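Comments concern the structure below.
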Amino acid sequence: MLEDKSFNYNVNKVLERRFFSRRSTVVAKDLIGKILVRRLSGEVYLRGIIVETEAYGGLKDPASHAYGGMTKRNEAMFGEAGFSYVYFTYGFHHCLNVVTGKIGDAQAVLLRALEPIQGLDIMRKFRRDKCSDLNLTNGPGKICEALNIDRSLNKVDVAKSASSIFLEQASNDEVGRIDERRKIVSSTRIGITVGLEKRWRFYDPSSIYVSHRSKLNLPRKRIR
DNA sequence: TAAAAGATCCGCT
DNA sequence: GCGGATCTTTTAA
C-alpha cells in the first residue's frame, strides 16, 4: 500500500533561481536541511530532507566533470543555475546534481544523502526491497534509485514546483526537527582522486542518514 | 582502453 | 561491523 502522505500534499515554498545562482560551496551548505521533492505521475510525491552534499567548482576544479571544458555529458553544468545535472557512472548508478553559479561557470552541487520523509513505501519498491530504511537514500546512487531518477531527468528546472524534481523549504512542522540539527560540518569529498585539499563536502553530523558513517566515526543512532 | 563524483556481496570478526 | 573484490558501461583519451 502507498503511504497516505504521498498524495494530497501541498507544496512548500520552492527555492528560487537566485538561491542557486551563488557559488557552489555556498549553495551546498545552504541545501542542508532543505527538501528534495520527486513528483511522479499521478501527483504522487516522494520527499526527503537533504543531509549531505558536495560542491564542485567548475572548470578549475580537477575533481569536477567540467574540468577540461564542455562535453556531451557535462553540458547541463554550463547552463543556467537551478537545473539538474544527472550522470551515469560505474556502469550502474545515476547521480543527481544541481547547477549553481552563473551561466558558463559550470559549478554544481552533488546531492549525496537524504533523510526520507514521504513516500517511503514507493522508495522501498524502487530500491527493490533490498535494504533497510536507513540505507534507502544514504548515498548519491541510492537517492537516484529510490526516487527513480535517471538521465531522462537531466536538465530539469528544479526551481519550479511543476517539475518532476524540485527543491523546497521545510514546512512548519518539519522546521523543528531540522533546526535542532542545524550544525553543518565540512570534510573532503568522497570517491575522488584529485582535489582532496578542498573540504567541500557538507553534512549534518547528527543525521543517521549521512553516507559512509562508520568511516567518519559518527554515532549510528539519532542524537536528541 | 582504462578509469570513474558508487553500491553490493562475500568472507571475515 | 569491516575491508576488499566485483559488478558494468559511459566517457574521454
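Residue numbers (this note's numbering): 17 to 240. Built from N, CA and C at the ideal position, the CB exists for glycine as well. Because the structure is a prediction, the values reported are computed rather than measured.
The continuous alpha helix (DSSP H) containing Val43 extends over residues 40 to 46. When Ile51, Gly157, Val125, Asp46 are compared, the shortest CA-CA separation from Gly74 is found for Val125. By the criterion of at least three beta-carbon pairs nearer than 8 Å, the region 180 to 188 is not in contact with the region 142 to 160.
Annotated three-state conformation of Arg63 is strand, per DSSP. Scanning its chain for C-beta atoms nearer than 6 Å, with the 5 sequence neighbours on each side dropped, one finds around Asn164 the residues Phe142, in chain order.
Around the beta carbon of Ile48, 16 or more other beta carbons lie within 10 angstroms, which makes this residue buried.
Counting along the chain, no alpha helix (DSSP H) covers Leu212, and no H or E run does either. Its chain contains Val67, Ala129, Glu131, Asn154 as the residues whose beta carbon lies nearer than 6 Å to that of Tyr225, once the 5 sequence neighbours on both sides are disregarded; these appear in chain order. For Glu161, the uninterrupted alpha helix (DSSP H) run begins and ends at 156 to 162, by DSSP. CA-CA distance, His81 to Thr87, rounds to 9 Å.
Nearest in C-alpha terms to Asn24, of all of Ala175, Arg55, Phe104, is Arg55.
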